[in-house]
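Numbers 1 to 271, taken from full-length UniProt numbering, label the letters of the sequence shown in order. All C-beta atoms, glycine included, are put in the ideal place defined by N, C-alpha and C. What you are looking at is a predicted structure, and each value in this text was computed from that prediction instead of being measured.
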Amino acid sequence: MATPKIKSKTSTSQKSNHAPERNAAPKATPRAATKPKRFKSAYTKAEMEEIFRRFSVQRPEPKGELEHVNPFTLVVAVALSAQATDAGVNKATRALFKVADTPEKMLALGEEGVTQYIKTIGLYRNKAKNVIALCRMLIDEFGSEVPKTREELIRLPGVGRKTANVVMSMAFGVPTLAVDTHVFRIANRLLMAPGKTPDEVEENLLKVIPDQYLFHAHHWLILHGRYCCKARKPECERCVIADLCRSPEKTVDVPAPLVELPQQLIGEPVE
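Right under this line is the structure:
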């Protein structure tokens, strides 16, 4: 009877060291670090320069349409304009700013007093609360003066990045880009600077807007969206950049005549 071969412990051990365990998780394959998705506009640098050149001819001195008398009333007006129209805010603030054009005067009205003036504006109760809190902070921490930096402005109650950018631009002449609903829509609809959030759109627009046009770019885009490239139905036949536009919604390829528009009338009666 043949003697059976006995496997050495050494060979068994060596084999088991190299054999994969039945229930062991597979080794992860090393992957390259995920790179951030690179932004690409649908327009060349030359096309962007031509777009904003035409906007500058059409409206040489564009203006924001919120009525205000000083940096303080501008901060209040922009904060109140969230989810409201400029016309609606102007209608409410005309009487308010006649009696309260400083933080001290506004604070003296109190939350209920402010509410009586702005109750035609959406979310007016919360906005009145923020206005009073904003006034307290301006008085207590900033000597009743509106701060000039974004970091300080966004600390104020009811003031976000968009409001801070508007105030920096309109009150202090800083070239910023505030992304409201119109700018957000235009940047995405025209494939100019697509983004999922206002901050992303702002970052992308700053990469493609020519430096010499940056100061007025915010207002040009807002006014183009408000009066021409409207939310429900863009009026392409009135568009001065129709030939350059890459929007899938575009209905006309021939641009409207490039002429200077009548001067904006800010502070006119609102029906």
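Following the DSSP letters along the chain, one finds R54 inside the alpha helix (DSSP H) bounded by residues 45-58. One alpha carbon belongs to K63, the other to G113, and they sit about 30 Å apart. Each residue's CA atom was taken as its position, placing F52 and R94 some 33 Å apart. Assigned with DSSP and collapsed to three states, K148 falls in coil, not helix or strand.
V179 and L221 have their C-alpha atoms some 9 Å from each other. If you draw a straight line from the Cα of G195 to the Cα of Y213, it comes to about 21 Å. A straight-line Cα-Cα distance of about 11 Å links L134 and T102.
Classified as exposed, G110 has fewer than 16 neighbouring CB atoms from the shown chains inside 10 Å of its CB. Within its own chain, the residues whose Cβ lies closer than 6 Å to the Cβ of R246, once the five positions on either side in sequence are excluded, are A42, L191, listed in chain order. Within the same chain, and ignoring the five residues on either side of P147 in sequence, the residues whose Cβ sits closer than 7 Å to its Cβ are L153.
In the displayed model, R161 falls within a helix according to three-state DSSP.
Between K45 and the set V201, S81, I209, the nearest pair of CA atoms involves I209.
The residue among E235, V254, L223 with its C-alpha nearest the C-alpha of L244 is V254. Inclusion of L74 and M168 in the CB contact set at 8 Å is not warranted, their separation being larger than that value. Selection N188, M137, V166, V174 evaluated against L156 yields M137 as nearest (Cα-Cα). In this structure, the alpha-carbon of L206 lies about 8 Å from that of L177.
In the structure shown, H68 adopts coil according to DSSP, grouped into three states.
Residue burial annotation: F97 is buried, with at least 16 other C-beta atoms found within 10 angstroms of its C-beta.
Counting of Cβ neighbours within 10 angstroms places E145 among the exposed residues, the total staying below 16. Bounds of the alpha helix (DSSP H) holding R185 are 181-189. Secondary structure note for F215: its alpha helix (DSSP H) is the uninterrupted segment 214-227. Beyond the five residues adjoining it in sequence on each side, C228 comes within less than 6 Å, by CB distance, of E235, R238, C239 in the same chain, given in chain order. The alpha carbon of D140 has as its nearest neighbour, out of E151, E104, A128, K230, the alpha carbon of E104. Taking 8 Å as the cut-off, the Cβ atoms of K127 and I121 count as close. Remark: C-beta atoms of R161 and D199 approach each other more closely than 8 Å.
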